[in-house]
Amino acid sequence: MNEEYIGRIVGQYRIEAVLGAGGMGQVFRGVHQLLERPAAIKVMLPSFAARPDFRARFLQEAKAVAALHHPNIVEVYDYGDENGLLYMVMEYMEDGALSTLLKRQATKRLPLPQVLMLGIQVAQGLAAAHALQMVHRDIKPANLLLRHLAGSEPGREHYLVKISDFGLARLVEGGVETVTGTPMGTLAYMSPEQCLGAKTIDGRSDLYALGVVLYEILTGSLPFQISGVADAIYKHVNVMPPRPRELRPELPSILEEIVMCCLAKKPEERFANGQALANALQNVLGGSGEGAAVPVSASGPGLQQASLQTRTTLEAPASPTALPAPPTVSTMPGYSDVPRVRVIDESGRTLQIVEVKPAGIIVGRQEGSDIVLLSKQVSRQHLRITWDGKEVRVLDLGSSNGTLLEGVRLMPQVSQVWQERQMVRLGPFWLRLEGSSSPVTVVRSNVGPAPPSGAARPVGMGSSTYANYAAPTVASSQGPTSLASERIGLAVSPKTLALVPGQAATVQLTLTNMGSIVDWFTPTVEGVPAEWLHGAGQEVQLNPGMQETVMLTINVARRPSHRAGQYHVLIRARSREQPQEYSQTTCLWTVQPFSEETLRLEPRRAGGRGRASYTLAVTNAGNAAARYQLEGEDDEQRLRYLFRVNPLELDTGREARVGLTVQERRRLIGREERIPFQVHLKALGEQRSQSTAGEFINKALLPPWIVPALLAVVLIAGGALALARGLVPLPGKPGAVASTPAPNVAATLTALVQTGASTATVAAVSSQATATAQANATAAAQNSNQATAATQANATATAQANATATALANPPPPQAQAATTLVTGLSAPIGAQYVSAGDRLFFVEYGGKVSLLANASGSSPAYSVLGTGYSQLEDVAVAPDGQTLYLTERGGTLYRVDLAVGANRSQATVVASGLAAPQQIALDGSVAYIALFNDSGPLGSVVKVDLSSGTVTTVLSNLEHPIGVLMASDHQTLYVTEQQPDGSSTLSRFNLTIGTRTQLAHSQGAPFFFLHWANSLQTAILVPERSPTNEVWYISLVDNPTLLHSVAHVGAAPSDVVVGTQQPGHFFPMFVCAAAANEIQRLN
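Heads up, the sequence shown is in my numbering, so the first residue is 7 and it goes up one at a time.
Structural data, given as C-alpha cells:
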C-alpha cells in the first residue's frame, strides 16, 4: 500500500518517498512541482477517509491548523479531498523527530542548555496555539520535529523545534463533536483531566504533557512506567512521580520545581500558560552559564541562521544547583504602619527585619548600609528599596552578580515594583517583603531591660535590628502576675474557622522570638474542650529573630454534647524563660450543626379489640435542637393514629417517649387481622425523616370458632334427642353412617401456597378439613350408638382440625426476643446453611474461607476453618449427604468440596466456571440454581447448572442484578431477590413452567439478600435487608398481599439468615451472617 502512492500528484505536490506511518495514516516526502519546495504529505487511511463525518471534521481541523503561523509550529501548506483521498501538506523537517534524537542519545544525555532551549520553543509554540483556543492533546517526542541550526559546535548542537499534528488528536477523539468521557492521547503523556475524560480541556493539559517530555529528556526515563489504559489513568490521576533530582541529583533545584509544576495533578496548580513556562525556563537558561538565545524568527525555506548571543549571567557557584528554590516561610506577625524587609538565609532562618524608610534603604556589603549582607556575591552597594506610600520598588545598582525578583533577573538601574511576599535573591540571601497586616492582640510590656546598644547581634544584622511594632494595649485576664509581651510574636491563621463535626480542620500558629535571648514558647487554647485539640501544648525553642510554625488540628466528634454554635477561643503563647509573659489572640470558631435522630417503636407488634397502645422512643442525636412532626401510615388507610405529644421539640442529646394509640373499627366475630403500619418522624423545616414499622393485630369480640361450637352443640343435642326417641339406627343395623377419610391437609396447603393461592382459598381447604373431621366423628358416634362419645369425639376432632389448619395456613410471624453473638472477628461471613445432624452451621467468609460452627444451638458453639485459598466466596450449599459442599466464588466459579478429602481450594473440584458474579445457590436434586449478579453489566440472570456434567442453562434472564434464589419443592416455583438501580430491592416469585412473575415484596432502603425457608412446609420465607436497615424479615406466602414482618434488628449488613430447627411450628434458633460486623449472631 505504501508504494501505490509513489509518483502520484496530490494537489500541486508529487509524492516521492515514504517517511513513516501511524495509526491514522501514512507520511510521505513530496515536492512542489513549480517551487520545488520539499514537503511532508500526510495521507489518511482509506478506512477513515471513507467516513463522511470524518472527512468533514478533517477538512474543518485542517483549515483551523493552516491558520496557525508560528516559528515553533509546523506550517500547513495545503490540504484537500481528491477522489476520496484525504491529505495534508506540511512543512518538511529534515532532521526528524525529538524521539529519534533521544534514541540516538540513549547512552548520553542531552546538554542542559539544549534541553532548556527545546522546552522554551515548544512552550512558546503552545502559547501561540492556546491563544487561538487550539489544544494539541497529544504532545510527545514523536510530534516535536527538529531542524539543525548551522553554527553550533559538534556535540552541542542547537535545534529549531516545531510542533506537528495539531488537530489530529481531536479527529480521533471526535473533532468538533467530541465524544466526552473517552481518554485521548498517548498513554505515557496524558494529563489527569484527559484520563478522566473531562468535558473541557484547556492548554494546561498540553503543559502537563510537555512536563512529561522534559522529565524524560532530563532523567532518561518517563515519570510513570505504563502497562495499559487502566494503569495510565490510575498513575496520572493519583500517583506522584519520583522527583527528577532523585534520578539525576546534579539538576538545578529550580528546574526540578518547574518540571514538577508542569506535572501537578490539578490544572490550576500548573503554569497558567505556555509563555509563563517559557519565561521560567528562560530564567534557568540565563543562569546556567550558557549564552545561547532561543531562535524565534527562523522559518520557511529562507531559514536564516539564528545568532548565538552572549548573555550577562550570574556568577554561579561551582555547584550546578546555583538557583535553589526559595525557603518556605510564614508571614511575619505583628503590626507595622510601613512595609518591612525580612532578611532570610538559605535555611529559612530570619536574620533581620527592617522597615522601609520613605527616603529608601540601601542593601549591600558596605558597612553603613541599612542592611549589611557580608558575602562576596553581594556588591558593596547592591540594591536600593524605596516606598512612596503606595508601592515598594527595587532597583539593582549595577551589581556584579545581579538580583533576581521571583526568579527573574532585574535589569540594572531599572526600577521594578516589589509586591508583598515576593522574594528577592542576592547571593546566598533572600529578602521578603512583609506588608502591613492586621494587628495581633499583643501588649507592649516594659518588663525586662532593653538590649544594650553594644549587644551582639546575629550574623548579617545591620543597623536596624528590630522593628518597632505598635499595637493596642489589652487587659490581661491572668491577674497582675501575668503580663502580655511584645517579645513573643503570635499569629493565627485563620482566625475565623467553621468546624464540621467529624472532619478535621487545621489552624496555623506562627511563633516568633522578637526578643534578644533564646526562649521556649508554649501555645495553649482556651474556650473549647481539650479533646478537640491536637498539637496544643508543644514547647517550641526559638533563637532571637527566628520563628516557627505549629499546626493545630481541631477535630470535633459527631456527638450531641458538642453543641453547634459560636465559640470564642483564646490562644496564648507563654514564655518559659519569663513565665509571667505571654502573647494572646482571640479567634471565633463556629461548630456547624449536624442532624441525626433515632426512632424506635415499642413493642413492634401489639393487639387488641379495635385499639392497641405503643410507645415511640425518639432521640435527637444531633448537636442542635430540633422540632419533629409524627405521622402514621398504613396501605389501606384503615388505622387512626393518636400521638400523646405532637409536634415534638427536643434539645440535643435528649430522648422523649411518646405514647401512641392505634385504632380501627371493632368487629363482632372473625379471625385476627394483622395490619402493618409505619410511623414517620419528620424534621420540621428540613427534608429529612426517619421511619419505623409496626403491626396492629385487630381481634374480634368473638373468636371464629364460636359459631362451629354452637352448631356442634345444637347437632349433638339434636342427635341425643333422636337417639333417645329411637330414631337413630343402632350399630349393625341398616342406615349406619360410614366415615369419610380425612384429606392430607398439610400437603394440600403447601401446594396451594407455592402456586400463589389466596388466603380465602387456603381457608376454604381448612373449613373442608374441619367439616370432614366433624362428619367422621359424628358417624363414629352414631355407629357406636353412644351419644356422649359422639359429643366428645366431635368436639375433639373439630378443635384438632381447626388448630392444624390455622397453624398451617398462617401461623403468627416470629419475633426474636434475644440476640447472641456466637463468633466475631470473621472475614465478612456471607452465605450459610444449617445441618441438623451434629447441630452444624456451615458458612463461607468473603475473605476466602469455608468455615463451620459446631454445636451451633448449644451453649458452647465451636468455630473452625475447614478450607482456605479461595477469593471472594459468596455462598455454600450442603448436599443431603452432609459431606458434599457447593461453593460460589464471585470471580465466576462453582466448586464442589468433599469434606472427606479436604475443603481447601486446591482440593476442590470445579463444576462450572465463567459465571457472571455468582451469588446464592439453590440445590434441587442433581442440579443447582444460581443467581448471577453480573458485575460488568446492568442486567443479571438465574442459571441452572447440571452438577454432574457442569452444563449451564439460563432459566431467567434480564433480571436487575439478582442476589438470592430459592427453589420450592414443586421444582417449578423459584423465588428471587433483585437489587434495583436506586439501591432498593424486590422479592419475586417465578413459575418456570408457565413463565409468570409475581412481585411479593419491595425494600426501600437497602437490598434484600439471600433467601431461606422459614418452615418445613415452605409457606414462609426469611430474608435479610442490608445496611442501613439491618433487618431480618419474615414473609408469609399465605398472606395476600404478602407483608414484611420484622423478626429482629441485627448486626451490620446481614447477608443470610437460616432456621436451626426442623420442628413444625418452630422458628428458633435462627442464625444470622452479619457481613460488615464480621460476626455470626443467634436469634432466640
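From the three backbone atoms N, C-alpha and C, an ideal C-beta is built for every residue, glycine too.
Q.
Measuring only the C-alpha atoms, how far is residue 957 from residue 1083?
A. Mapped onto the sequence shown, residue 957 falls at position 951. Mapped onto the sequence shown, residue 1083 falls at position 1077. Computed Cα separation, rounded: 37 Å.
Q: Could you pull out every residue in the same chain whose Cβ sits closer than 6 Å to the Cβ of residue 10, ignoring the five residues on either side in sequence?
A: As a working note, residue 10 is residue 4 in the sequence shown. Counting only Cβ-Cβ distances below 6 Å, and skipping sequence neighbours, we find nothing.
Q.
What residue range does the beta strand (DSSP E) around residue 1055 cover?
A. Counting from 1 along the sequence shown, the entry for residue 1055 is found at position 1049. It spans 1050-1055 - the beta strand (DSSP E) in which residue 1055 sits, taken as one unbroken run.
**Q.** Complete beta strand (DSSP E) runs within the region 484-571 (minimum length 3 residues, chain order)
**A.** 494-499, 502-505, 510-519, 525-532, 546-548, 553-561
Q. How many Å lie between residue 575 and residue 583 at the Cα?
A. In the sequence shown, counting from the first residue as 1, residue 575 sits at position 569. In the sequence shown, counting from the first residue as 1, residue 583 sits at position 577. Roughly 25 Å between the two C-alpha positions.
Q) What distance in whole Å lies between the Cβ atoms of residue 39 and residue 14, which are believed to be in contact at a cut-off of 8 Å? A) Locating residue 14 in the sequence shown gives position 8, counting from the first residue. Locating residue 39 in the sequence shown gives position 33, counting from the first residue. The pair is not a contact, with the Cβ atoms about 12 Å apart (cut-off 8 Å).
Q. Shortest alpha-carbon distance to residue 83 belongs to which of 866, 897, 68?
A. Counting from 1 along the sequence shown, the entry for residue 83 is found at position 77. Checked all of 866, 897, 68; the closest Cα to residue 83 is 68.
Q | residue 123, enclosing alpha helix (DSSP H) - first and last residue | A | Translated into positions along the sequence shown, residue 123 becomes position 117. From DSSP, the alpha helix (DSSP H) with residue 123 extends over 118-137.
(Q) For a test of the three-state rule: what should DSSP assign to residue 892, helix, strand or coil? (A) Within the sequence shown, the letter at position 886 stands for residue 892. Three-state DSSP puts residue 892 in a strand.
Q) In whole angstroms, what separates the C-alpha of residue 1011 from that of residue 989? A) Start at 1 with the first residue of the sequence shown, and residue 1011 comes out as number 1005. Start at 1 with the first residue of the sequence shown, and residue 989 comes out as number 983. Those two C-alpha atoms are separated by around 7 Å.
**Q.** Separation of residue 291 from residue 362, as counted between CA atoms
**A.** Position 356 of the sequence shown, counting from 1, holds the residue named residue 362. Position 285 of the sequence shown, counting from 1, holds the residue named residue 291. Each residue's Cα considered, the two are about 33 Å apart.
(Q) Taking 7 Å as the limit between beta carbons, can you name the residues of its chain near residue 94, skipping five residues before and five after? (A) For the purposes of this step, residue 94 is taken as the residue at position 88 of the sequence shown. 48, 68, 82, 85.
Q) Do the CB positions of residue 1075 and residue 863 come within less than 8 Å of each other? A) Here residue 1075 refers to the residue found at position 1069 of the sequence shown. Here residue 863 refers to the residue found at position 857 of the sequence shown. Their beta carbons are under 8 Å apart, which means residue 1075 touches residue 863 by this criterion.
Q. For the beta strand (DSSP E) that residue 881 lies in, which residues bound it at each end?
A. Within the sequence shown, residue 881 is the residue found at index 875, counting from 1. Where residue 881 is concerned, the enclosing beta strand (DSSP E) stretches over 879-884.
Q: Would you mind working out which of 223, 624, 377, 91 sits nearest residue 113, comparing C-alpha positions?
A: Position 107 of the sequence shown holds residue 113. Ranking the options by Cα distance to residue 113, first place goes to 223.
Q: Spatial neighbours of residue 573 within its chain, please: CB distance less than 6 Å, with the 5 preceding and 5 following residues excluded, ordered by chain position.
A: Numbered from 1 along the sequence shown, position 567 holds the residue referred to as residue 573. So the list reads 533, 534, 595, once near-sequence residues are dropped.
Q: Count the other C-beta atoms from every protein chain shown that fall within 10 angstroms of the C-beta of residue 934, then say buried if there are 16 or more, exposed otherwise.
A: Residue numbering aside, residue 934 sits at position 928 when the sequence shown is read from its first letter. With 16 or more Cβ atoms within 10 Å of its Cβ, residue 934 is classed as buried.
Q) Looking at the structure shown, is residue 994 part of a helix, part of a strand, or coil, going by DSSP? A) On the sequence shown, position 988 is the one that residue 994 refers to. In the structure shown, residue 994 sits in a strand (DSSP, three-state: E or B).
Q. Grouping DSSP H, G and I as helix and E and B as strand, with all else coil, what is residue 384?
A. Position 378 of the sequence shown holds residue 384. Coil at residue 384, not helix or strand.
Q) Are three or more beta carbon pairs between the region 52-62 and the region 100-114 nearer than 8 Å? A) no
(Q) Taking 8 Å as the threshold (C-beta atoms), are residue 969 and residue 913 in contact? (A) Counting from one through the sequence shown, the residue named residue 913 turns up at place 907. Counting from one through the sequence shown, the residue named residue 969 turns up at place 963. Not closer than 8 Å, so no.
Q | Residue nearest to residue 384 in terms of C-alpha spacing, selected from 167, 433, 529 | A | Working through the sequence shown from its first residue, we reach residue 384 at position 378. The shortest C-alpha separation from residue 384 is found at 433.
Q.
Can you check which of these residues, 1043, 438, 202, 173, is closest to residue 73 by C-alpha distance?
A. Indexing the sequence shown from 1 puts residue 73 at position 67. It is 173 whose Cα lies nearest to the Cα of residue 73.
Q | Counted within 10 angstroms of its Cβ, other Cβ atoms place residue 942 as buried (16 or more) or exposed | A | For this step, residue 942 is matched to residue 936 along the sequence shown. Exposed is the call here.
Q) For residue 241, does the three-state DSSP call read helix, strand or coil? A) What you label residue 241 is simply residue 235 of the sequence shown in a count that begins at 1. Three-state DSSP puts residue 241 in a helix.
Q | Cut-off 8 Å between Cβ atoms - residues of its own chain near residue 345, not counting five sequence neighbours on either side | A | By one-based count along the sequence shown, residue 345 stands at place 339. Only 361, 362, 393, 398, 426, 439, 440, 441, 442 meet the Cβ criterion.
Q. Applying the criterion that 16 or more other CB atoms from any shown protein chain within 10 Å of the CB defines a buried residue, is residue 725 buried or exposed?
A. Translated into the one-based positions of the sequence shown, residue 725 becomes position 719. Residue 725 is buried by the Cβ-count criterion.
Q) So, residue 1051 versus residue 701, is the Cβ gap smaller than 8 Å? A) Numbered from its first residue, the sequence shown carries residue 1051 at position 1045. Numbered from its first residue, the sequence shown carries residue 701 at position 695. Closer than 8 Å, so yes.
Q: Determine the burial state of residue 77: buried for a count of at least 16 other Cβ atoms within 10 Å of its Cβ, exposed for fewer.
A: Counting from one through the sequence shown, the residue named residue 77 turns up at place 71. By the neighbour-count rule (16 or more Cβ atoms within 10 Å), residue 77 is buried.
Q. Would you report the Cα separation of residue 288 and residue 242, rounded to the nearest angstrom?
A. As a working note, residue 288 is residue 282 in the sequence shown. As a working note, residue 242 is residue 236 in the sequence shown. Their backbone Cα atoms lie some 27 Å apart in a straight line.
**Q.** Residue interval of the alpha helix (DSSP H) (run including residue 262)
**A.** In the sequence shown, residue 262 corresponds to position 256, counting from 1. First-last of the alpha helix (DSSP H) with residue 262: 259-268.
Q) To which residues does DSSP link residue 393 through a beta bridge? A) Here the question's residue 393 lines up with position 387 in the sequence shown. DSSP, once it has assigned bridges, lists 398 as partnering residue 393.
(Q) By the DSSP assignment, the alpha helix (DSSP H) with residue 219 in it spans what residues? (A) Here residue 219 is taken as the residue at index 213 of the sequence shown, counted from 1. Per DSSP, residue 219 belongs to the alpha helix (DSSP H) from 210-225.
(Q) For a test of the three-state rule: what should DSSP assign to residue 471, helix, strand or coil? (A) Position 465 of the sequence shown holds residue 471. Any reading at residue 471 needs caution, since the residue's pLDDT is 27, under 50, leaving its predicted position unreliable; the model's value is listed next. Reduced to three states, the DSSP call for residue 471 is coil.
Q. For residue 964, which of helix, strand or coil comes out of DSSP?
A. Residue numbering aside, residue 964 sits at position 958 when the sequence shown is read from its first letter. Three-state result, residue 964: strand.
Q) Hey, quick one: how far does the alpha helix (DSSP H) through residue 1093 stretch, first residue to last? A) Limits of the chain in this structure are 7 at one end and 1090 at the other, which puts residue 1093 out of reach.
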